[in-house]
Amino acid sequence: MVSDLQNRISEETKVAMRARDKQRLAVMRLVNSEIKRVEVDERRVLSDADVLAILTRMLKQRRDSEQQFRKADRMDLVDQEVFEISLIQEFMPEQMSAAEVDGVINALIASTGASSMQDMGKVMGGLKAKIAGKADMGAASARVKELLAAL
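Residues in the sequence shown are numbered consecutively from 1, following this note's numbering.
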């Protein structure tokens with residue numbers, strides 16, 4: 001059975017085809033091909049969580065590329081990456097605010113009894129389960145380090 005998110009992505013691909021929106025269609029095909037590649041490689045049907053993980057990885061790759069293109073002053077490629085990022089983000093859950101992430105981190109620190117940097121793995125394990133796809137894990141990791149260092 002195909003996940004709801006996968007169905008939504010397929011439907012958006014069809015909409016882009018009908019609208020003859022070549023730029024959007026190219027990105028949608030890129031997303032579909034990455035999902036199919038993972039399905040074939042792992043020989044299993046993907047869940048919404050799996051598709052979200054793929055989209056998160058694609059977003060991270062595009063953000064990294066955008067930074068590299070900005071450094072190289074390639075604004076044409078920056079514009080393409082920004083477009084791809086905005087399109088992929090349409091399928092991501094609503095992002096948590098920094099205050100919400102801090103609240104989750106503080107609750108996890110309290111519940112795990114974390115008291116030093118050695119406990120960061122416990123906190124990050126719980127954090128990944130709670131905010132995966134809803135916040136930038138890199139920024140969350142840096143925030144966990146800050147909060148644990150302050151203890």
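In this text, a Cβ means the ideal position worked out from N, Cα and C, and glycines have one as well.
Below 8 Å, is the gap between the Cβ of S111 and the nearest heavy atom of the ligand MG? No copy of the ligand MG appears in this structure; indeed no ligand is present at all.
Pairwise C-alpha distance: R18 and K134: 31 Å
If you drop the 5 nearest sequence neighbours on each side, which residues of the same chain put their C-beta closer than 6 Å to that of L5? Result list for L5: D48 and V51, in chain order.
Rounded distance between the beta-carbons of R62 and E90, thought under 8 Å: Contact flag wrong, Cβ pair sits at about 13 Å.
Just the Cα atoms here: how many angstroms apart are R74 and S86? Taking the CA atoms as reference points, R74 sits about 19 Å from S86.
Which complete beta strand (DSSP E) runs does the segment 5 to 30 hold, if anything under 3 residues is left out? Those beta strand (DSSP E) runs which fall completely within the segment 5 to 30 and span 3+ residues do not exist here.
Looking at R143: is its Cβ nearer than 9 Å to the Cβ of V78? It is not a contact, given that the beta carbons lie outside the stated cut-off.
V40 classed as buried or exposed, judged by whether at least 16 other C-beta atoms fall within 10 angstroms: exposed
L55 beta carbon less than 9 Å from that of M92: yes
Smallest Cα separation from N7: which of A107, K22 and V45? V45
Who are the Cβ neighbours of K122 in its own chain at under 7 Å, not counting the five residues just before and after it? T112 and A114
Out of V38, I109 and T13, state which residue places its alpha-carbon closest to the alpha-carbon of A26. T13
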